[in-house]
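Written below as structure tokens is the structure these notes are about.
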Amino acid sequence: MLFNSFHFLLFFIVVTTTYFAIPQKFRWVLLLGASCYFYMAFVPVYILILGFTIVIDYFAGIWIENAEGKRRKSLLILSLVSNIAVLAIFKYYNFLNGNLSYVLNGFGYQNHVPELSILLPIGLSFHTFQAMSYTIEVYRGHQRAERHFGIYALYVMFYPQLVAGPIERPQNLLHQFYEKHEFQYERVTSGLKLMMWGLFKKVVIADRLAIVVDQVFKNPREFDGPALLIATIFFTFQIYCDFSGYSDMAIGAARVMGFDLMKNFKRPYFSRSINEFWTRWHISLSTWFKDYLYIPLGGNRVSIPRWYANLLAVFLLSGLWHGANWTFILWGALHGFYLVFGLMTKNLREKIADFLKLPIPFKNLLKTLTTFALVAYAWIFFRAATVDDALYISQNLFKNWGDFLLKISTELHIPNLNIEFHKSDWAIAFASIILLESVHYFQRNRDISEFLKTRPIAVRWGIYYGVILVILTFGKFASRDFIYFQF
Amino acid sequence: MNSDVKKFLLKTLVFLLPLALVFGYFEVRLRAMETTYSTKKRDFTQQMDSVEILVLGSSHALYGIDPSQFSLRSYNLSNSSQTLYYDEKLAEKYLDNMPLLKAMIIPVSYFSLWYELEDTKDAWRVYFYKHFWGIESPGMQTFDSENFSYIMMYSPEIAWFYARRGFQDTNVTGSVRPNGWIAATGHEVDQLTDSLAKVRVGSHDRVHFENRLPQNIRNLENFIQLLKKRNIEPVFITTPVSELYAKFARPQVVLKNEAIMKELSKKHNCQYFNYFRDARFTLEDFNDNDHLNPRGAVKFSRILNEEAILKRKLWN
Numbered sequence: 007m008l009f010n011s012f013h014f015l016l017f018f019i020v021v022t023t024t025y026f027a028i029p030q031k032f033r034w035v036l037l038l039g040a041s042c043y044f045y046m047a048f049v050p051v052y053i054l055i056l057g058f059t060i061v062i063d064y065f066a067g068i069w070i071e072n073a074e075g076k077r078r079k080s081l082l083i084l085s086l087v088s089n090i091a092v093l094a095i096f097k098y099y100n101f102l103n104g105n106l107s108y109v110l111n112g113f114g115y116q117n118h119v120p121e122l123s124i125l126l127p128i129g130l131s132f133h134t135f136q137a138m139s140y141t142i143e144v145y146r147g148h149q150r151a152e153r154h155f156g157i158y159a160l161y162v163m164f165y166p167q168l169v170a171g172p173i174e175r176p177q178n179l180l181h182q183f184y185e186k187h188e189f190q191y192e193r194v195t196s197g198l199k200l201m202m203w204g205l206f207k208k209v210v211i212a213d214r215l216a217i218v219v220d221q222v223f224k225n226p227r228e229f230d231g232p233a234l235l236i237a238t239i240f241f242t243f244q245i246y247c248d249f250s251g252y253s254d255m256a257i258g259a260a261r262v263m264g265f266d267l268m269k270n271f272k273r274p275y276f277s278r279s280i281n282e283f284w285t286r287w288h289i290s291l292s293t294w295f296k297d298y299l300y301i302p303l304g305g306n307r308v309s310i311p312r313w314y315a316n317l318l319a320v321f322l323l324s325g326l327w328h329g330a331n332w333t334f335i336l337w338g339a340l341h342g343f344y345l346v347f348g349l350m351t352k353n354l355r356e357k358i359a360d361f362l363k364l365p366i367p368f369k370n371l372l373k374t375l376t377t378f379a380l381v382a383y384a385w386i387f388f389r390a391a392t393v394d395d396a397l398y399i400s401q402n403l404f405k406n407w408g409d410f411l412l413k414i415s416t417e418l419h420i421p422n423l424n425i426e427f428h429k430s431d432w433a434i435a436f437a438s439i440i441l442l443e444s445v446h447y448f449q450r451n452r453d454i455s456e457f458l459k460t461r462p463i464a465v466r467w468g469i470y471y472g473v474i475l476v477i478l479t480f481g482k483f484a485s486r487d488f489i490y491f492q493f
Numbered sequence: 004m005n006s007d008v009k010k011f012l013l014k015t016l017v018f019l020l021p022l023a024l025v026f027g028y029f030e031v032r033l034r035a036m037e038t039t040y041s042t043k044k045r046d047f048t049q050q051m052d053s054v055e056i057l058v059l060g061s062s063h064a065l066y067g068i069d070p071s072q073f074s075l076r077s078y079n080l081s082n083s084s085q086t087l088y089y090d091e092k093l094a095e096k097y098l099d100n101m102p103l104l105k106a107m108i109i110p111v112s113y114f115s116l117w118y119e120l121e122d123t124k125d126a127w128r129v130y131f132y133k134h135f136w137g138i139e140s141p142g143m144q145t146f147d148s149e150n151f152s153y154i155m156m157y158s159p160e161i162a163w164f165y166a167r168r169g170f171q172d173t174n175v176t177g178s179v180r181p182n183g184w185i186a187a188t189g190h191e192v193d194q195l196t197d198s199l200a201k202v203r204v205g206s207h208d209r210v211h212f213e214n215r216l217p218q219n220i221r222n223l224e225n226f227i228q229l230l231k232k233r234n235i236e237p238v239f240i241t242t243p244v245s246e247l248y249a250k251f252a253r254p255q256v257v258l259k260n261e262a263i264m265k266e267l268s269k270k271h272n273c274q275y276f277n278y279f280r281d282a283r284f285t286l287e288d289f290n291d292n293d294h295l296n297p298r299g300a301v302k303f304s305r306i307l308n309e310e311a312i313l314k315r316k317l318w319n
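Chains H and C, in that order, are what the protein sequence lines are. Take the first sequence: its letters are residues 7 to 493, numbered as in our numbering. Take the second sequence: its letters are residues 4 to 319, numbered as in our numbering.
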């Protein structure tokens, strides 16, 4: 069930109304049932896989808590291996098998291991990581094992964040299922407004930009540099609006019912370094990797080469987490390289900046633009269907611009880019990106919703009506999956 | 009921009331609006008991085949982006109501065998088939908003567009002839360029999905058998395209299309006429790179009448 669907609207109204109408002791049953229905609206049978990991981790949590010494660690490993095995079978089996075939063919052998004809269960990486964080936290003693099977199942399955996060931690979420949430006007309206903003980002911006991105990335060789560059920039905003739009709707839906989910995005394209970008982009995943992989590997409290190796390892795995394809691994590797290169050249860059005596605002703008360009370049690998396509786009981004620039300067209109996209769509696409970044710029110093509360009702309602009308008028409502569902 | 709930309900009611009124007004007006689907359904159902030749297909047939040029009484039931799936479903639905039917003209365009309506930016049209013809698409979901609301079916963007024009689509409905043909607006030289032809073929190549082929062939075979059982002649055609379009069309697709259609025709003993690149049609006959203008449509319909209808003696 997609958040941007009529089905979800009905579902949300029914579930939320019932949630506040029934006694607290039955609420977990409602939420668990609703979450099962929500998940089964995609491919019903995959709830069995989810059920399998829930049962394993539920018992693993209790056994780890009751065990002592080496047995605790053995039980944790057993739980982690079970979770990773599910991921490996459903997400990585065919990828690994395909690569094995490639290697064996290189040596003149044939791979007789069959391919599996299976669909990737939706959101598998998200709920697997959330389940793993539970057993790890129980093992570390930061979280008591949950004895109530229904509540534990709800922790993994809570519908707002089940299929695309935020990837929650048990310390933040589990206790909230025991708390009684009263209907609070401020909270409910704040959640609804956040959902509306998320919907705007998804249907007005992301799904419109997708029209251009899909055309260009499907057959990149049919397009010249200008179209390739525009599609790359559009994808940079598309993926942000798609994923952060989903997160906003998830956090908003949970907030309406009284739950607090962790923030997943903080205006990432205003980052001044790749390091900062990763503290603002998909925060729930980057902190997961930090807490459960980077720090256990030693983090930065090791020798410098080992530190760099740790960073590269984390980003390679982060790439692999996103998808079983070399394009994702290269995307992760690029980010790892950016970080290591940034650390290696930090002193040199600072010396150059001091020497040039650049004004601070200009220096900050330069940093932001450079970070944006690096992130946008890496997205090419994330979005391209194959490594060949990604390399082709990389090599041709700045080719054949002459004709394009000549026509712009002489005829004062954007020449035909061989892309099917109406003139009004171009205008709406650029206008909505500008609006988005203007809102982000405004939010640097103050929360826009808090600011709106201080405005007269006519202004507030005028803005709400305006956003609703823009969503209804310019939104693309053909059901289109969220990009991160595939992970 | 606590005070927060009361406050929320009251404010929500006041906030939503203007939106609900506008929404309701749009729904009523859109439901009353004529479309090519409603016009064609009305005209066709009035004539179907006397129809001898039924023309199906997409916009290529909609603009390109004028049934008044045929020697037998005919109706053009094609519509923009209509796929082979809907051709078959429409035929199946009304076969029993067409006692005089002798033949069905089924166009197979460059892209027809390789896609389904849901794959395209025209996917919204599937709901028109449900609302107007009662034909459901396999990909349709019970809770799709388009099933309940005409605003969502048209998309709010298009609903606004029609609202600005007084909820009338005169461009389309006004030009649907009583026999189902639409005369395109005429020869527009600026529509016939290399770059636009490339974009047009590109848009058709983008809906080329190899995995759609087996199902489309199975559907076609079922369709042929359905017609043959009732002694109705299926006549497959490929409509003409401009030389510019043909230049950019992928030769392997053109050849594969022809091979598939020839094999099907041979297997089921039916006719296939391929006019994809026919020297009798010049740029003067086209409205754009792949749609005939009225002059081209009349010319093409006469050729079809001559070669597919009279020669086959479908009137006997």
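We treat Cβ as the ideally placed atom computed from N, Cα and C, and that holds for glycine. These numbers come from a predicted model, not from an experiment.
Would you identify the three-state DSSP class for residue i, choosing helix, strand or coil?
i, result
"V346/H", "helix"
"M107/C", "strand"
"F212/C", "coil"
"L20/C", "helix"
"L364/H", "coil"
"L126/H", "coil"
"T241/C", "strand"
Leaving out five residues on either side along the sequence, give the residues of the same chain with a beta carbon under 7 Å from the beta carbon of residue i.
i, result
"E121/H", "N100 and N103"
"D208/C", "R253"
"I239/H", "A382"
"L81/H", "A66, W69, I70 and A73"
Leaving out five residues on either side along the sequence, give the residues of the same chain with a beta carbon under 8 Å from the beta carbon of residue i.
i, result
"L291/H", "F135, G171, I173, S324 and W327"
"M264/C", "V111, F239, T241, Y275 and N277"
"S83/C", "T39, S61, S62, L65, D125 and R128"
Is the shortest distance between the beta-carbon of residue i and the beta-carbons of chain C less than 7 Å?
i, result
"Q401/H", "no"
"L478/H", "yes"
"N406/H", "no"
"F427/H", "no"
"Y191/H", "yes"
"F410/H", "no"
"N424/H", "yes"
"H328/H", "no"
"F249/H", "no"
Using the DSSP secondary-structure output, state which residues sit across from residue i in a beta bridge.
i, result
"E236/C", "A106/C"
"L102/H", "For L102/H, which the question treats as bridged, DSSP gives no partner whatsoever."
"L295/C", "F289/C"
Would you kindly report the start and end of the unbroken beta strand (DSSP E) that includes residue i?
i, result
"S178/C", "Unbroken run through S178/C: none, as it is neither H nor E."
"L57/C", "I56 to V58"
"F276/C", "Q274 to N277"
"S77/C", "S77 to N79"
What span of residues does the alpha helix (DSSP H) with residue i cover, start to end?
i, result
"Q30/H", "Q30 to M46"
"S324/H", "I310 to H328"
"Y398/H", "V393 to N402"
"R278/H", "Where R278/H is concerned, there is no enclosing alpha helix (DSSP H), given that its DSSP letter is neither H nor E."
"V256/C", "P254 to H271"
"W163/C", "P159 to R167"
"Y97/C", "L87 to Y97"
"Y447/H", "K429 to F448"
Could you tell me whether the Cβ of residue i comes closer than 7 Å to any Cβ of chain H?
i, result
"F251/C", "no"
"E121/C", "no"
"W136/C", "no"
"F279/C", "no"
"F146/C", "yes"
"S245/C", "no"
"F11/C", "yes"
"S206/C", "yes"
"E160/C", "yes"
Please return the same chain residues whose Cβ sits closer than 6 Å to the Cβ of residue i, not counting the five positions on each side in sequence.
i, result
"S148/C", "M155"
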